[in-house]
Amino acid sequence: MIVKLIYCIFAYLMGNILGGKAVCKIYKEDFSKKGSFNIGARNAGRILGPKAFLFVATLDVFKGFFVIIILKLLNVDIRVIALCAFLVVLGHIKPIIFSFKGGKGVATFVGVVIALSPNLIFILILGFLLISFLLRSTILGFYSTIPVLSFIFYLDTRSYVATLLFLILIIMMFYVGYNDIKKSFCKYFLIKRI
Numbered sequence: 486m487i488v489k490l491i492y493c494i495f496a497y498l499m500g501n502i503l504g505g506k507a508v509c510k511i512y513k514e515d516f517s518k519k520g521s522f523n524i525g526a527r528n529a530g531r532i533l534g535p536k537a538f539l540f541v542a543t544l545d546v547f548k549g550f551f552v553i554i555i556l557k558l559l560n561v562d563i564r565v566i567a568l569c570a571f572l573v574v575l576g577h578i579k580p581i582i583f584s585f586k587g588g589k590g591v592a593t594f595v596g597v598v599i600a601l602s603p604n605l606i607f608i609l610i611l612g613f614l615l616i617s618f619l620l621r622s623t624i625l626g627f628y629s630t631i632p633v634l635s636f637i638f639y640l641d642t643r644s645y646v647a648t649l650l651f652l653i654l655i656i657m658m659f660y661v662g663y664n665d666i667k668k669s670f671c672k673y674f675l676i677k678r679i
């Protein structure tokens, strides 16, 4: 029980390592006070350029990947891995060391998905590319694809508890991304009506 608790604390604290905060130190500019007022990769790219985007995205993807791959190498139960997947993304969204002001967790979620299963990342990439191409919106492409991942995750794990935890993670992603989804959805349908 103590070991599982340590895994959970480790996952949450790893989520607290924000690529955006590192970029703020490197560039000596707090880009989270401009643009979309977010500490994530998209806003870093928008304000500071493509190198900043790439750095933030890479670091945030890596931490999600690192947590899950370490747990898999340690042969940790899939239910604990699913809980830690939730916690590393939660740690990015609500980092205790930054007064619970983090990013939206998209890159960290992608890192988690890469480490969990090749099937998940294949479906995520395929769905993302297809829907983004059809709707001309990467936001709608991403958020339209992630619900399907819970079904694929269940097929991979055959664990109801782990799948429920993964589904809670997906619901959290929708909750955090709600405003972006709403803006993209309205923009897409307003353009289509004209």
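Basically this note's numbering = 1-based index in the sequence shown + 485. Positions of the beta carbon are idealized from the N, C-alpha and C atoms, including for glycine.
query	result
For Gly-662, does the three-state DSSP call read helix, strand or coil?	coil
Taking its Cβ as the centre, do 16 or more other Cβ atoms sit within 10 Å of Pro-603, making it buried, or is it exposed?	exposed
For a test of the three-state rule: what should DSSP assign to Asn-560, helix, strand or coil?	coil
When DSSP labels each residue in this structure, what does Ile-494 get in the three-state scheme?	helix
Assuming Lys-589 and Val-508 form a contact by the criterion Cβ under 8 Å, report the distance between their Cβ atoms to the nearest whole angstrom.	Their Cβ separation, rounded to whole angstroms, is 16 Å, which puts Lys-589 and Val-508 out of contact at 8 Å.
Consult DSSP for Pro-580 and reduce its assignment to one of helix, strand or coil.	coil
Which value, in whole angstroms, describes the spacing of the CA atoms of Tyr-464 and Lys-548?	Outside the shown range of the chain (486 to 679) lies residue 464, about which nothing can therefore be said.
What is the rounded straight-line gap between the Cα of Asn-523 and the Cα of Ile-624?	15 Å
Closest to Ala-537 by C-alpha separation, out of Val-552, Glu-514, Gly-612 and Leu-558, would be which residue?	Glu-514
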